[in-house]
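Novice:
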Amino acid sequence: VQLQASGGGLVQSGGSLRLSCAASASISSINVMGWYRQAPGKQRELVVTMTSGGSTVYADSVKGRFTISRDNAKNTVSLQMNSLKPEDTAVYYCNAKRLYDVMDSWGKGTLVTVSS
Numbered sequence: 197v198q199l200q201a202s203g204g205g206l207v208q209s210g211g212s213l214r215l216s217c218a219a220s221a222s223i224s225s226i227n228v229m230g231w232y233r234q235a236p237g238k239q240r241e242l243v244v245t246m247t248s249g250g251s252t253v254y255a256d257s258v259k260g261r262f263t264i265s266r267d268n269a270k271n272t273v274s275l276q277m278n279s280l281k282p283e284d285t286a287v288y289y290c291n292a293k294r295l296y297d298v299m300d301s302w303g304k305g306t307l308v309t310v311s312s
């Protein structure tokens with residue numbers, strides 16, 4: 197499954213952005229969809245994951261501000277980001293993991309820049 201993330205951009209602190217991740221094939225068999233981010237000079241880190249059953253895991257730094265949603269009919273996963281902070285500045289990556297064939301797919305990232 198190929199993934200394409202979009203929706204990044206420049207936003208002021210306190211603003212909102214919505215990222216989307218479009219999959220090239222059905223995501224109904226994908227066990228875990230998620231968003232990760234990598235800030236300049238830092239390692240890639242988890243933002244949020246969602247299982248096919250709807251269970252979510254959020255990084256503490258984004259809890260209460262970011263919300264993941266998954267639309268199996270449209271093969272998309274979205275990330276609503278509110279109350280953005282300068283420390284949210286990073287390249288955001290979409291990820292899909294499927295257990296039966298050990299698939300771990302990454303899309304090209306989308307840059308989010310939050311100005312203070």
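If you read the sequence shown in the working numbering, its first letter stands for residue 197, the second for the next number, and so on. Glycine residues also receive a C-beta, built at the ideal position from the N, C-alpha and C atoms. Just so we're clear, the structure is a prediction, and the values are computed from it rather than from any experiment.
#1: Compare the beta carbon distance of Val273 and Val258 with 7 Å and say whether it is the shorter of the two.
#2: Looking only at its own chain, which residues have a Cβ that is under 7 Å from the Cβ of Ser224, when we skip the five neighbours before and after it?
#3: Give the secondary structure of Ser257 by DSSP, where H, G and I count as helix, E and B as strand, and everything else as coil.
#4: Looking only at its chain, what residues have a beta carbon closer than 8 Å to the beta carbon of Ser209, apart from the 5 residues adjacent to it on each side?
#5: Can you tell me the Cα-Cα spacing of Ile226 and Ala292, whole angstroms?
#6: Measure the alpha-carbon distance for Gly230 versus Cys290 and round it to whole angstroms.
#7: Helix, strand or coil: which one does DSSP assign to Asp297?
#8: Could you pull the start and end residues of the beta strand (DSSP E) that Ser311 belongs to?
Specialist: Reading off the structure:
#1: no
#2: Asn268
#3: helix
#4: Leu280, Lys281, Pro282, Val310, Ser311 and Ser312
#5: 7 Å
#6: 6 Å
#7: coil
#8: Thr306 to Ser311
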